[in-house]
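Colleague:
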Amino acid sequence: MIAIAIFWALYAIAAFAPMRYCVWFFFVSVSFSAFAVLPTSMTASLTILPTSMLVPLIVAKALLSVKRSALLWDALFNLNQIGMLTVFLLVALAVTALAPSLFAGVPIVSMNQLAIRPLAYESAHLSQSVYLLASFLLVVAIHCILLTDSGRRYVAEGLLIGGAVAVFSGVADMALANTPLLEMLRTADYAFLSDSAAAGTRRVVGFGSEASVFGGLTLGFLGLIYFVRPAALLPAWAEPVQAGIIAALFCFVCLSTSSSAIVGLLIGLAIATVDYFGRLASPGFAKRRGGLLFEGWIAAGAVILVVLLLAAIAPLRDAVFAIFEQMVLKKTQSDSFEERSGWSAASLEGLAHSYGFGVGLGGTRASSWAVSVVASTGVVGGLLLFLFIAGRMLAVFPADGSPEWLMARGAKRAMVTLAAPMLLASTTPDFGPLLAVDFALLTALPLILWNRRAAIAPSPRGSRAAQRPLPSGS
7 MIAIAIFWAL
17 YAIAAFAPMR
27 YCVWFFFVSV
37 SFSAFAVLPT
47 SMTASLTILP
57 TSMLVPLIVA
67 KALLSVKRSA
77 LLWDALFNLN
87 QIGMLTVFLL
97 VALAVTALAP
107 SLFAGVPIVS
117 MNQLAIRPLA
127 YESAHLSQSV
137 YLLASFLLVV
147 AIHCILLTDS
157 GRRYVAEGLL
167 IGGAVAVFSG
177 VADMALANTP
187 LLEMLRTADY
197 AFLSDSAAAG
207 TRRVVGFGSE
217 ASVFGGLTLG
227 FLGLIYFVRP
237 AALLPAWAEP
247 VQAGIIAALF
257 CFVCLSTSSS
267 AIVGLLIGLA
277 IATVDYFGRL
287 ASPGFAKRRG
297 GLLFEGWIAA
307 GAVILVVLLL
317 AAIAPLRDAV
327 FAIFEQMVLK
337 KTQSDSFEER
347 SGWSAASLEG
357 LAHSYGFGVG
367 LGGTRASSWA
377 VSVVASTGVV
387 GGLLLFLFIA
397 GRMLAVFPAD
407 GSPEWLMARG
417 AKRAMVTLAA
427 PMLLASTTPD
437 FGPLLAVDFA
447 LLTALPLILW
457 NRRAAIAPSP
467 RGSRAAQRPL
477 PSGS
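Offset between the sequence shown (1-based) and the numbering used here: plus 6.
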């Protein structure tokens with residue numbers, strides 16, 4: 007109860023504090039993924055997480071800060087911004103409201119009991135609808151915050167603070183592994199696997215319920231911070247801090263030994279390597295070539311150090327190879343993989359029985375985010391979300407060399423890193439807070455860049471154009 011009281015005291019302060027502290031609090035809260043801020047005995051076993059409570063607060067503050075309602079409506083319904091995601095949400099909620107009555111009895115994997123059951127209205131329909139709605143509203147809120155210079159700095163600071171707290175949670179879990187001190191932060195009505203091991207090595211779980219959750223958390227912050235480079239908007243001291251956080255997050259992704267996080271990390275490393283040589287050869291990065299070369303030498307030194315350590319310390323090498331073999335190479339032979347594959351197969355059968363309509367949010371459990379989205383929201387819902395993501399990934403914007411341009415191009419690369427583990431292991435359609443932040447970066451920053459281009463474009467008479475937002479179709 008002490009931890010709950012501390013949270014609500016901080017919440018009350020954040021409610022009246024400036025936006026900056028609310029944004030910081032939100033990014034800090036992401037690491038507390040197993041902490042119920044209300045006793046589950048009061049909520050009929052529904053777990054209310056810190057992030058769930060902070061989203062309404064940050065949404066309210068963000069919407070109240072929008073000076074022109076036209077900007078908000080344009081963001082919500084412009085297909086070049088959040089419009090396609092808005093339509094996806096409406097379709098998802100409509101399917102959830104109708105499917106359990108239209109297709110009652112269709113066999114699905116129950117979210118509450120992990121067994122094949124006939125489709126019917128359950129509490130999971132409500133809870134998953136609330137979670138997806140919260141993630142959508144978070145996209146809208148962060149989008150609005152990013153439209154101002156100060157808001158972009160707040161988000162940049164929040165990303166670094168959130169990444170640092172994720173690292174701290176891993177350190178605390180390692181230091182207090184055999185003590186009950188962290189139990190006060192693990193009060194959610196979940197099945198906890200905080201003492202699991204891989205190849206004889208304890209898996210780090212942070213403040214979360216299991217290693218896969220912590221792996222996804224650290225990989226998410228790692229992808230966002232490495233590719234988006236929020237320190238570009240902050241004073242010079244933020245650069246070394248950012249580098250330290252990136253290195254620590256990389257270590258904790260590995261220490262989580264989560265198979266989906268490790269696969270996501272390998273994909274992220276491949277993207278980072280290709281992106282690095284692309285930047286090195288690009289004329290747009292000519293002024294940053296010195297920094298890029300230094301970055302390359304640091305990365306090469308780290309790789310050489312790891313190789314030397316593995317070559318010199320046989321027990322360490324054997325442990326690393328054993329974990330990689332068990333958690334990645336032989337993952338398809340495990341009982342958990344077979345069970346989770348069965349969830350996806352049953353969910354797709356439920357989709358077929360509903361003739362592609364979907365069984366609703368919370369209607370079924372799958373082992374892949376893509377399968378969960380399509381099975382829950384139907385073929386139409388899945389197509390809408392795919393079109394939104396594809397549109398953001400393929401969007402073009404002026405390459406003016408500004409920090410906003412660097413962040414926008416980085417957000418595209420971060421998208422793949424964040425989505426990879428979800429495609430492999432996420433059981434619900436909710437895209438979560440970190441992917442919501444990335445969605446907002448990909449909708450707000452291109453808009454800023456195009457508006458900046460319009461503001462400095464010369465008119466036919468040679469004078470500068472009036473500074474005004476571009477039409478919706480830009």
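From the three backbone atoms N, C-alpha and C, an ideal C-beta is built for every residue, glycine too.
Tell whether a beta-carbon distance below 8 Å holds between residue 380 and residue 369.
Modeller: Result no, Cβ atoms of residue 380 and residue 369 do not sit closer than 8 Å.
Colleague: Within the chosen definition, does the region 166-176 reach the region 24-40 through at least 3 CB pairs nearer than 8 Å?
Modeller: Yes, the region 166-176 is in contact with the region 24-40.
Colleague: Note down, in chain order, each residue of its chain lying with its Cβ closer than 7 Å to the Cβ of residue 10, except the 5 sequence neighbours on either side.
Modeller: Here the set comprises 43.
Colleague: DSSP has residue 247 in a bridge; who is on the other side?
Modeller: Bridge partners of residue 247: none, in fact.
Colleague: Note down, in chain order, each residue of its chain lying with its Cβ closer than 7 Å to the Cβ of residue 399, except the 5 sequence neighbours on either side.
Modeller: 418 and 421.
Colleague: Leaving out the 5 sequence neighbours to the left and right, which residues in its chain are closer than 6 Å to residue 441 when beta-carbon positions are compared?
Modeller: 424.
Colleague: Report yes or no: do the region 102-121 and the region 401-410 share at least 3 C-beta pairs separated by less than 8 Å?
Modeller: Judged by Cβ distances under 8 Å, the region 102-121 makes no contact with the region 401-410, as fewer than three pairs qualify.
Colleague: I believe residue 36 touches residue 188 by the beta-carbon criterion, under 8 Å. Please report the beta-carbon distance rounded to the nearest angstrom.
Modeller: Wrong, their Cβ atoms sit about 17 Å apart, outside the cutoff.
Colleague: In this structure, does DSSP put residue 209 in helix, strand or coil?
Modeller: Coil, per DSSP.
Colleague: Are residue 177 and residue 88 touching if we call contact CB-CB under 8 Å?
Modeller: Contact flag unset, no.
Colleague: What three-state label does DSSP hand residue 454 in the structure shown?
Modeller: Reduced to three states, the DSSP call for residue 454 is helix.
Colleague: Spell out a yes or no on whether the region 94-103 and the region 358-372 are touching, meaning 3 or more CB-CB pairs, one atom from each, closer than 8 Å.
Modeller: In short, these stretches touch, since the Cβ pair count reaches three.
Colleague: So within the region 87-138, which uninterrupted beta strand (DSSP E) runs reach at least 3 residues, ignoring any that extend past its ends?
Modeller: List check, beta strand (DSSP E) in window: 113-115 and 122-124.
Colleague: Give the DSSP-derived three-state secondary structure of residue 218 in the structure shown.
Modeller: Residue 218 falls in the helix class under three-state DSSP.
Colleague: Considering only their Cβ atoms, is the gap separating residue 113 from residue 355 smaller than 8 Å?
Modeller: Going by C-beta atoms, residue 355 is nearer than 8 Å to residue 113.
Colleague: If we call anything under 8 Å between Cβ atoms a contact, is residue 58 one with residue 436?
Modeller: Against a cut-off of 8 Å, the Cβ pair of residue 436 and residue 58 comes out as no contact.
Colleague: Return the CA-CA distance between residue 255 and residue 124, expressed in angstroms with no decimal places.
Modeller: The straight-line gap from Cα to Cα measures roughly 42 Å.
Colleague: Do residue 416 and residue 234 have their C-beta atoms within less than 8 Å of each other?
Modeller: Yes, they are a contact pair.
Colleague: Between the alpha carbons of residue 244 and residue 161, how many angstroms are there, rounded?
Modeller: Each residue's alpha carbon lies about 14 Å from the other.
Colleague: In whole angstroms, give me the CA-to-CA distance for residue 218 and residue 462.
Modeller: Those two C-alpha atoms are separated by around 47 Å.
Colleague: DSSP on residue 157, reduced to helix/strand/coil?
Modeller: Residue 157 falls in the helix class under three-state DSSP.
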